[in-house]
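S.K.: Position 22 of the sequence shown, counting from 1, maps to 22 under full-length UniProt numbering, and the rest follow consecutively.
Yeah, the Cβ is synthetic: ideal placement off N, Cα and C, and Gly gets one too.
Source: prediction; values computed, not measured.
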Amino acid sequence: MGFGYRIFSSMTPYTTGNQSLPIYVVLANFNHDPYLDVVVASTSSDTVGIFLGYGDGTFANITTYSTGISSQTQVIAISDFNNGNRSDIVVANYGSNGIRIFVGHENKIFLKYQSCSTGYGSRPRSVAVRYFNHNDWIDLAAANSGYDNVDIIVQTC
Numbered sequence: 001m002g003f004g005y006r007i008f009s010s011m012t013p014y015t016t017g018n019q020s021l022p023i024y025v026v027l028a029n030f031n032h033d034p035y036l037d038v039v040v041a042s043t044s045s046d047t048v049g050i051f052l053g054y055g056d057g058t059f060a061n062i063t064t065y066s067t068g069i070s071s072q073t074q075v076i077a078i079s080d081f082n083n084g085n086r087s088d089i090v091v092a093n094y095g096s097n098g099i100r101i102f103v104g105h106e107n108k109i110f111l112k113y114q115s116c117s118t119g120y121g122s123r124p125r126s127v128a129v130r131y132f133n134h135n136d137w138i139d140l141a142a143a144n145s146g147y148d149n150v151d152i153i154v155q156t157c
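Written out as structure tokens, the structure is:
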């Protein structure tokens with residue numbers, strides 16, 4: 001923890017699971033309390049995991065969600081895809097050639113909302129979220145290393 005003068009206290013490790021190979025981490029607020037939570041992509045275990053923050057530098061044990069068999073998740077982005085006033089999670093799945101969106105709910109769980117193929121052999125490495133067509137629905141861009149291209153995926157409703 002920083003104490004205002006650039007010195008950090010000791011590190012506290014939080015396990016993501018045996019041989020899970022955590023690869024990407026994002027901070028967001030998933031349960032509408034005033035504290036940041038941590039979401040981590042683990043490529044070997046094909047999961048995303050959430051550590052809910054307590055606001056004192058400590059976190060709850062991990063809750064994991066499957067990203068699909070052999071998905072090899074690479075990256076996470078956070079947005080509100082269904083305009084539900086909750087943080088939702090999108091992942092780029094290198095191994096299964098697609099993206100998967102998890103929608104946040106009031107009870108602090110995530111449900112699979114939608115999966116989208118980026119094409120056989122596309123190997124998406126990253127995703128970005130933004131309003132591309134100004135219709136109040138979040139859109140996606142996925143960088144596909146296998147095709148040397150970027151997919152633009154717009155929501156229409």
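Using the C-alpha atoms, what's the distance from Thr-63 back to Ile-50?
M.R.: The count along the sequence shown starts at 1 and reaches residue 50 at position 50. The count along the sequence shown starts at 1 and reaches residue 63 at position 63. Going by the C-alpha atoms only, they are around 5 Å apart.
S.K.: Tell me the rounded alpha-carbon separation between Asp-148 and Asn-31.
M.R.: Reading the sequence shown from its first residue, position 148 is the one you call residue 148. Reading the sequence shown from its first residue, position 31 is the one you call residue 31. Distance between the alpha carbons of Asp-148 and Asn-31: 37 Å.
S.K.: Would a C-beta distance cut-off of 8 Å place Ala-28 and Ser-66 closer than the cut-off?
M.R.: Within the sequence shown, the letter at position 28 stands for residue 28. Within the sequence shown, the letter at position 66 stands for residue 66. No.
S.K.: Which full runs of the beta strand (DSSP E) of 3+ residues lie inside the region 55-113, going along the chain?
M.R.: 63-66, 73-79, 88-93 and 98-104
S.K.: By Cβ distance below 6 Å, which residues in the same chain neighbour Gly-95 in space, the five residues on each side in sequence not counted?
M.R.: As a first step, residue 95 must be located in the sequence shown, where it is residue number 95. Ser-70, Ser-71 and Gln-72.
S.K.: Can you give me the Cβ contacts of Ile-23 inside the same chain, cut-off strictly under 6 Å, excluding the 5 residues immediately before and after it?
M.R.: Along the sequence shown, one-based indexing puts residue 23 at 23. Excluding sequence neighbours, Ile-23 sits near Ala-41 and Thr-43.
S.K.: What residues in its chain sit with their C-beta under 6 Å from that of Gln-114, if we drop five residues either side in the sequence?
M.R.: As a working note, residue 114 is residue 114 in the sequence shown. Closer than 6 Å at Cβ, skipping near neighbours: Ile-101.
S.K.: Residue range of the beta strand (DSSP E) that Asn-149 falls in?
M.R.: Looking up residue 149 in the sequence shown gives position 149. Per DSSP, Asn-149 belongs to the beta strand (DSSP E) from 149-153.
S.K.: Could you tell me if Pro-13 is buried or exposed, where buried requires 16 or more neighbouring beta carbons within 10 angstroms of its beta carbon?
M.R.: Translated into the one-based positions of the sequence shown, residue 13 becomes position 13. Per the 10 Å Cβ criterion, exposed.
S.K.: So, for Ser-145: in the same chain, excluding its five sequence neighbours on each side, which residues have a beta-carbon less than 6 Å away from its beta-carbon?
M.R.: To locate residue 145, count along the sequence shown from 1; it is residue 145. If we look at Ser-145 and ignore the five residues flanking it on each side, its Cβ neighbours are Arg-123 and Arg-125.
S.K.: Assign Thr-12 to one of three DSSP states: helix, strand, or coil.
M.R.: Residue 12 sits at position 12 when you count from the first residue of the sequence shown. Residue state, collapsed to three classes: coil.
S.K.: Should Gly-53 go down as buried or exposed, given a rule of 16 or more other Cβ atoms within 10 Å for buried?
M.R.: Residue mapping note: residue 53 aligns to position 53 of the sequence shown, counting from 1. With 16 or more Cβ atoms within 10 Å of its Cβ, Gly-53 is classed as buried.
S.K.: In chain order, what residues of the same chain lie with their CB nearer than 8 Å to the CB of Gly-121, ignoring the 5 residues before and after it?
M.R.: For the purposes of this step, residue 121 is taken as the residue at position 121 of the sequence shown. Here Gly-121 has Asn-97, Gly-146 and Tyr-147 as same chain residues with Cβ atoms under 8 Å from its own Cβ, once five neighbours each way along the sequence are excluded.
S.K.: Just to confirm, does Gly-68 get its C-beta within under 7 Å of one of the non-hydrogen atoms of the ligand MG?
M.R.: Within the structure as shown, the ligand MG is missing, as the structure has no ligands at all.
S.K.: Rounding to the nearest angstrom, what Cα-Cα distance links Asn-93 and Asp-80 in this structure?
M.R.: Within the sequence shown, the letter at position 93 stands for residue 93. Within the sequence shown, the letter at position 80 stands for residue 80. Those two C-alpha atoms are separated by around 19 Å.
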